[in-house]
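Single-structure report; data block below.
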DNA sequence: GGGCATTTTGTGCAAGCGGTCAAAAAGTCG
DNA sequence: CGACTTTTTGACCGCTTGCACAAAATGCCC
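Chains as they are written, first to last, in my numbering: chain A, 1174 to 1372; chain G, 1174 to 1372.
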C-alpha cells in the first residue's frame, strides 16, 4: 500500500484513455513515446513511472479497449432478438468509416490491429488477443444458442461455428474497411450473412 | 536502353522473392534494411540502386504477392464446381497455420498485413490494397454468378454481396489465424458459410 | 514542523534506423 | 587497349527512438 509521497498530478485512467485513442489511430510502432508525451501533456519520466515501458502501456490500452468493447457487446446481445443486434455489431466498423475523415478518429478494430502488428513476435499480446477472440465467440455463441432455441436462427450449424464465422467476418470487415470501403456493398454482404443465419 | 556498364551480380527477381518472404513474415516496420541486406546477401548500395528505397521495395513485394495470389485464385475457380474451390481458398490460411512453427514461413495474408500497417498513412499502399480487394471480389463474383446460373449457389443474395462477404471472411480468418487458431473450429465456420451459400 | 515517500522535471545517452556517397571493380564497345 | 557506363563495396551521416537518472518539488504522517 503506497499511501504517502507526492501525489500524482494527473488522472491515470484518463491518461490511459487518451493513450488508447492515440495507439488506436496510429498503431504501436507509429506512435512514439514523444507523441504520447505531447498528447498527454506530461513528462517522459512521469509516463514511465506510471505505466512502465511503452509496450506495457500499449498492452494496457488494448486491454481497456477490449473490456469496453466486451461490455458493449454483452449489452447489445442480452435483450431482444439476436439477429438485428448482430447486424448492428457487424456493421459498426463500416459505419465508423464514415467519420474517418475527422482527425483522431481511429480506424479498424484495435484487437485486429494488434493481431497484425504485435502478435507475431509478442507472446503477451498474443494472449490478450486470443483471450479476446475466445470471449467474443463465447458471448456470441451463447446468444446464438438462445436464438436457435427460439427458432430465430437456423440450426444448420452449431452456435460455435456460427460465432466463429461472425468473428472472422467482423475482423475482416474491420480490416478491409481501412482501405476505403464501399459502404453499401459492405452492408449488402452483412445482410447476406444475417439472412443466411435466419431459420 | 542501358546495355553497357558493369552487369548486376544478382538476380533481381529472385532477390525480390526473397525480400517478399522476409517482409511477409516480419511486416514492414519490423524488417530493417540491414535484415534485407543480410538475407539477400548483397550490399546496401546495391539494394538501393536496384529497388529504390525501402518503401518502394516493400510495395513491389506486395504487388508480386498479389499477382501470384491472383493467378492461383483464377486457376482454382476456373474449372469444376465453385463451392469446393472456394472452400479450398478460404481454408488455405487455416491450413498454412500448421506450418507456422517452421522458421521463415510467413503468417497471414500479406494484403491484410499491409492494410493494417501501411494503408492508414500511405496512399500508394492504399491503392494497391484497394485494387487487390476489387480484383478479388470481381473474380469471385464472376465465379459465383456462373454457379448461381447452374443452381450450385443460392440466389438469395447477389454474387457481388456474396463475394464481398467472402473477402471479409478470408481476410478475417487470415488475420485471426495469426493469434493461434483452433483449426477444427475454423474449418467448421468455413463449412457453415459454404453450406449457407449452397442453393 | 520535520522527515519521508513518491512524483515531477529535464537532460542525457547508446543503439538502431533509413539513406547517401565516393572510390573501386567489372563488364561493353569503338 | 582504352574510354565509358553501370554496379559493387563499405564507410559514413544525421536523425529518431526508447529509456535511465539525478535533482527538485510536493504532500502525508508522526
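Where is the CB? At the ideal position from N, CA and C, for every residue including glycine.
- Judged by their CB atoms, residue 1361 (chain A) and residue 1334 (chain G) are nearer to each other than the 8 Å cut-off.
- In this structure, residue 1288 (chain G) places its C-beta atom within 8 Å of the C-beta atom of residue 1351 (chain A).
- Against chain A, the beta carbon of residue 1341 (chain G) has neighbours under 7 Å at 1342, 1345, 1346, 1349, 1362, listed in chain order.
- Where residue 1345 (chain A) is concerned, the enclosing alpha helix (DSSP H) starts and stops at 1332 to 1349.
- A distance below 6 Å between beta-carbons, with the five flanking residues on each side excluded, links residue 1343 (chain A) to the following residues of its chain, in chain order: 1263.
- The Cβ-Cβ distance between residue 1215 (chain G) and residue 1183 (chain G) falls below 8 Å.
- For residue 1299 (chain A), the C-beta contacts it makes with chain G under 7 Å involve 1352, 1353, in order along the chain.
- Nearest in C-alpha terms to residue 1280 (chain G), of all of A:1279, A:1261, A:1293, is A:1293.
- Under the 8 Å criterion on CB atoms, residue 1292 (chain G) is classed as interfacial with respect to chain A.
- Between residue 1338 (chain A) and residue 1365 (chain G), the C-beta gap is smaller than 8 Å, which places the two residues in contact.
- Excluding five sequence positions before and after residue 1316 (chain G), the CB atoms of its chain that fall closer than 7 Å to its own CB belong to 1250, 1255, given in chain order.
- Identification of chain A residues near residue 1265 (chain G) by a Cβ-Cβ cut-off of 7 Å yields none; the smallest Cβ-Cβ distance measures about 13 Å.
- Listed by position along chain A, the residues whose Cβ is nearer than 7 Å to that of residue 1286 (chain G) are 1289.
- Residue 1185 (chain G) sits away from residue 1206 (chain G), with the two beta carbons spaced by 8 Å or more.
- Inter-residue distance for residue 1212 (chain A) and residue 1223 (chain A) is about 16 Å (C-alpha atoms, whole angstroms).
- Within the model, the alpha-carbon separation for residue 1247 (chain A) versus residue 1297 (chain A) is close to 25 Å.
- Here residue 1325 (chain G) has 1254, 1255, 1256, 1372 as same chain residues with Cβ atoms under 7 Å from its own Cβ, once five neighbours each way along the sequence are excluded.
- Each residue's CA atom was taken as its position, placing residue 1302 (chain A) and residue 1311 (chain G) some 32 Å apart.
- As DSSP reads the structure, residue 1371 (chain A) sits in a beta bridge with A:1326.
- In terms of beta-carbon proximity, residue 1331 (chain A) lines the interface with chain G, with at least one pair separated by less than 8 Å.
- Taking a contact as a CB-CB distance under 8 Å, the pair residue 1283 (chain A) and residue 1235 (chain A) counts as one, their CB atoms being some 6 Å apart.
- Contacts with chain G at 8 Å (Cβ-Cβ) do not include residue 1311 (chain A).
- By the CB criterion at 8 Å, residue 1233 (chain A) and residue 1189 (chain A) fall inside the cutoff.
- Here the alpha carbon of residue 1241 (chain A) sits roughly 23 Å from the alpha carbon of residue 1346 (chain G).
- A straight line joining the alpha-carbon of residue 1219 (chain G) with that of residue 1193 (chain G) spans about 17 Å.
- For residue 1206 (chain G), the enclosing alpha helix (DSSP H) begins and ends at 1206 to 1213.
- If you check the CB distance, residue 1306 (chain A) and residue 1340 (chain A) come in under 8 Å.
- Between the C-alpha atoms of residue 1295 (chain A) and residue 1327 (chain G) there is a straight-line separation of about 43 Å.
- With 16 or more other CB atoms across the displayed protein chains lying within 10 angstroms of its CB, residue 1198 (chain G) is buried.
- In the structure shown, the three-state DSSP call for residue 1252 (chain A) is coil.
- Think of a sphere of 8 Å around the beta carbon of residue 1368 (chain A): the chain G residues whose beta carbon falls inside it are 1329, 1330, in chain order.
- Just measuring C-alpha positions, the residue of G:1201, G:1179, G:1322 sitting nearest residue 1229 (chain G) is G:1201.
- Nearest in C-alpha terms to residue 1204 (chain G), of all of A:1290, A:1244, A:1265, is A:1290.
- Straight through space, the alpha carbons of residue 1181 (chain G) and residue 1187 (chain A) are spaced by roughly 57 Å.
- Annotation for residue 1201 (chain A): no alpha helix (DSSP H) segment contains it, and DSSP assigns it neither H nor E.
- Secondary structure at residue 1177 (chain G): coil, using DSSP grouped into helix, strand and coil.
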